[in-house]
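What follows is a single structure, written as structure tokens, with notes after it.
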Amino acid sequence: MKTASTPTHCPYCALQCGMNLSPSPQGGVEVQERADFPVNRGALCGKGRTAPAVLSSSVRLTSPLVRSGGTLVPATWDEALDRIVEGLGAARAAHGPDACGVFGGGGLTNEKAYTLGKFARVVLGTSQIDYNGRFCMSSAAAAGTKAFGLDRGLPFPLEDIPKTGCVILVGSNLAETMPPSLRFFNELRENGGTLIVVDPRRTKTAEQADLHLAPRPGTDLALALGLLHLVVAEGRVDEEYVKGRTVGWEDARAAAMAHWPEYVERITGVSVPQLREAVRLFCEPEAAMVLTARGPEQQSKGTDTVSAWINLCLATGRAGRPLSGYGCLTGQGNGQGGREHGQKADQLPGYRKLTDPAARAHVAEVWGVDPDSLPGPGRSAYELLDALGTDIRALLLMGSNPVVSAPRAAHVEERVKSLDFLAVCDVVLSETAALADVVLPVTQWAEESGTTTNLEGRVLLRRRAISPPEGVRSDLEVMHELAARLGVEKGFPTDPEEVFEELRRASAGGPADYSGITYRRLAEENGVFWPCPAPPRDAEGAGLDVPPDAPVRDDETAVAHPGTPRIFLDRFATEDGRARFVTVTHRAIAEEPDDEYPVLLTTGRVVAQYQSGAQTRRVDELNAAAPGPFVELHPRLAARLGASEGDPVAVVSRRGRAVAPARITTGIRPDTVFMPFHWPGEGRANTLTNPALDPTSRMPEFKACAVRLEAVEG
3 MKTASTPTHC PYCALQCGMN LSPSPQGGVE VQERADFPVN RGALCGKGRT
53 APAVLSSSVR LTSPLVRSGG TLVPATWDEA LDRIVEGLGA ARAAHGPDAC
103 GVFGGGGLTN EKAYTLGKFA RVVLGTSQID YNGRFCMSSA AAAGTKAFGL
153 DRGLPFPLED IPKTGCVILV GSNLAETMPP SLRFFNELRE NGGTLIVVDP
203 RRTKTAEQAD LHLAPRPGTD LALALGLLHL VVAEGRVDEE YVKGRTVGWE
253 DARAAAMAHW PEYVERITGV SVPQLREAVR LFCEPEAAMV LTARGPEQQS
303 KGTDTVSAWI NLCLATGRAG RPLSGYGCLT GQGNGQGGRE HGQKADQLPG
353 YRKLTDPAAR AHVAEVWGVD PDSLPGPGRS AYELLDALGT DIRALLLMGS
403 NPVVSAPRAA HVEERVKSLD FLAVCDVVLS ETAALADVVL PVTQWAEESG
453 TTTNLEGRVL LRRRAISPPE GVRSDLEVMH ELAARLGVEK GFPTDPEEVF
503 EELRRASAGG PADYSGITYR RLAEENGVFW PCPAPPRDAE GAGLDVPPDA
553 PVRDDETAVA HPGTPRIFLD RFATEDGRAR FVTVTHRAIA EEPDDEYPVL
603 LTTGRVVAQY QSGAQTRRVD ELNAAAPGPF VELHPRLAAR LGASEGDPVA
653 VVSRRGRAVA PARITTGIRP DTVFMPFHWP GEGRANTLTN PALDPTSRMP
703 EFKACAVRLE AVEG
């Protein structure tokens, strides 16, 4: 173990908070403050402070496991790897390459995500690869690409938030999901700015707001259109900006004018005076922002909903200007970078489109393969999971736990069980790993180096602080060994910096260009914002592109690109440099309440747990703070049910039944119940959720479905 402090980043959410790791007197490492990192300035939530607990051999996997006689038993690495090759090979031989599926995770480093996409397409030859980041911000990504020509979660750094005049925060409970970020919003208010929170619950974040709008779940689209209607009716459109920097306004304007305030009030439950006050607060300052999160995005109309909020920014001149803009608050640790470099079904490294012949040719040259050998786009995440055991017979899964995190989770669990073969690489024995034929124990954040890209588009370097336990290998080593056993002996290095050098070449010239970023720069700077193209290669610093097969490294005679903290200030990433209004209209959620299922369910997170809870549920301090699931409901709804605080309540949808204790609060709408989704078993919230998909982003409708409540005896 190193004796000096190691600067690195938290393994959890997309803030990627800076921290220092130092040797602990009890062994292992302990977290210390790292005040120099601008995102969190030393602050950490409970998850970050306790992250080293999961490094303990007492809670994590330290040996490969193989299924024997229906039970997972320890095995050697050679035995486990050979079993994976046998399982994947049998599926390919019997049913073709697409019988092999690959499912990744938004917590994988850029190097792992890049290699996983390459492994699927080059070694297995399968198109069937996607990742759980599809469930995170795919709707915002699709809407941002439509409007701006490029998706980067935040087009500006978090430090700009306190300097703007107003922020509309839509469907995000930052006080619990990203606590260190709340200081930016507190500073906004201290500076005289205002915060508007849109959420059907009066969350800890909503309590900090100057104005809280509590729409009925699934009506955020109507709400945004109603605000835009008022912007037009009150003469608040920035006509000069619209004319000079956008296209498509007239059609978008006409669609918004069909959503008059009283109509929107009936749909959303947000009063007309509140709508008018929101428009006033948003439009009066010189600068303002709209930030969305999972609330409006995890809907079967999530792309249109985000487009409506972007339209509000464009009509008021609040995009592509200093201290103004639309941004998405990415959730997972590497949700941004994870989708930029190839583990998403339709993308190649550098955010290139898999269907673009030039993109295929560029990446194929870096990989040393024929462009025609690369498969086309495959299924999105839920569609891939739904095909398990039918079209897809074998699955390699890294860094995800869909048995808990996927919608209609009981069905997904059955599909996983129906596979001919399942291999899982994970740190712990998750609920999904427990169903596998082979489980491989892999290194985690403090035991390996690698890069991540946070919600700002800031590329960061995680540094190895300690050695992993004996018997544990990295995901890169796993893919190297599997590739060699499957006949591809070159092209899958185990050194993360070597992988990153190749990633730089593959991304060069793409929308997410990392070619000017190096490990050396990342070690010396507090991250580098993409796009960051490589410098020219000649001594005069002019005119030479980086060829795909050339080593991309710092040139002492060339000036390094500084990175791009703020994009779109001069032009948008469209062909003509103008942003696009997207014409959208309100439509209902996929499953409205009725007599049989009269209540709406919405889901979310709590501060002490993370995602499916596979890691945080193994930390005593976090379990003490959040020991299990619950059902949050209004006193009027509880009275009709005859339920008191703590009573078990059954929540039933068309897909299944979950039971958890009642938590009664006036902070939720009377027509809505809330459940956190971190737990498996009887209280698994995603047993209930609806897999209805957004037609563009293929995002499931996690945030709104029809349920009924039942009292549970005992």
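Residue numbers (my numbering): 3 to 716. Every residue, glycine too, gets a C-beta built ideally from N, C-alpha and C.
A contact is defined here as three or more CB-CB pairs under 8 Å, and the stretch 198-207 meets this definition with respect to the stretch 166-182.
Only exposed fits Ser420, as fewer than 16 other CB atoms lie within 10 angstroms of its CB. His11: not part of any alpha helix (DSSP H); member of the beta strand (DSSP E) spanning 8-11, first to last residue. A direct Cα-to-Cα measurement between Ala142 and Gln301 gives close to 11 Å.
The beta carbons of Cys534 and Tyr521 sit no closer together than 8 Å.
In the same chain as Asp84, and ignoring 5 residues on each side of it, the C-beta atoms closer than 8 Å to its own belong to Arg487, in chain order. Secondary structure note for Ser70: its beta strand (DSSP E) is the uninterrupted segment 67-70. Proximity to Val675 across Asp393, His214, Val501, Val601 peaks at Val601, based on C-alpha coordinates.
One alpha carbon belongs to Leu463, the other to Gly119, and they sit about 21 Å apart. For the 8 Å CB-CB criterion, Val414 and Ala295 do not form a contact. Between the stretch 630-638 and the stretch 661-675 there are three or more C-beta pairs closer than 8 Å, enough to call the two in contact. Using a C-beta cut-off of 8 Å, the stretch 315-327 makes contact with the stretch 149-166, since at least three inter-stretch Cβ pairs fall below that distance.
At least 8 Å separates the beta-carbon of Gly297 from that of Pro263. Per DSSP, the continuous alpha helix (DSSP H) segment holding Val365 begins and ends at 359-369. Ala144 sits in a helix when the DSSP states are folded into three classes. With 16 or more other Cβ atoms inside 10 Å of its own Cβ, Ser402 counts as buried. In this structure, DSSP gives Cys102 an extended state, which the three-state scheme calls strand. Counted as a single uninterrupted DSSP element, the stretch harbouring His261 is not any beta strand (DSSP E), since DSSP gives it neither H nor E.
Here DSSP, grouped into helix, strand and coil, assigns Val124 to helix.
Taking 8 Å as the cut-off, the Cβ atoms of Thr605 and Phe704 count as close. Of the other Cβ atoms in all chains shown, 16 or more fall within 10 Å of the Cβ of Gly340; this residue is therefore buried. In this structure, the straight-line span from the alpha carbon of Ala581 to that of Ala258 is close to 18 Å. Separation of the CB atoms of Pro498 and Gly452 is rounded to 5 Å, and the pair is thereby assigned contact status at 8 Å. For Val281, the enclosing alpha helix (DSSP H) starts and ends at 274-285. The secondary-structure analysis by DSSP pairs Thr604 across a beta bridge with Phe676. Residue range 222-235 is occupied by the alpha helix (DSSP H) that includes Val234.
As summarised for the stretch 447-515, the continuous alpha helix (DSSP H) elements at least 4 residues long and confined to that stretch are 477-487, 498-509, given in chain order. DSSP places Cys15 outside any beta strand (DSSP E), giving it a letter other than H or E. Ranked by how close their Cα comes to the Cα of Gln210, the residues Ala224, Phe187, Pro217 have Phe187 in first place.
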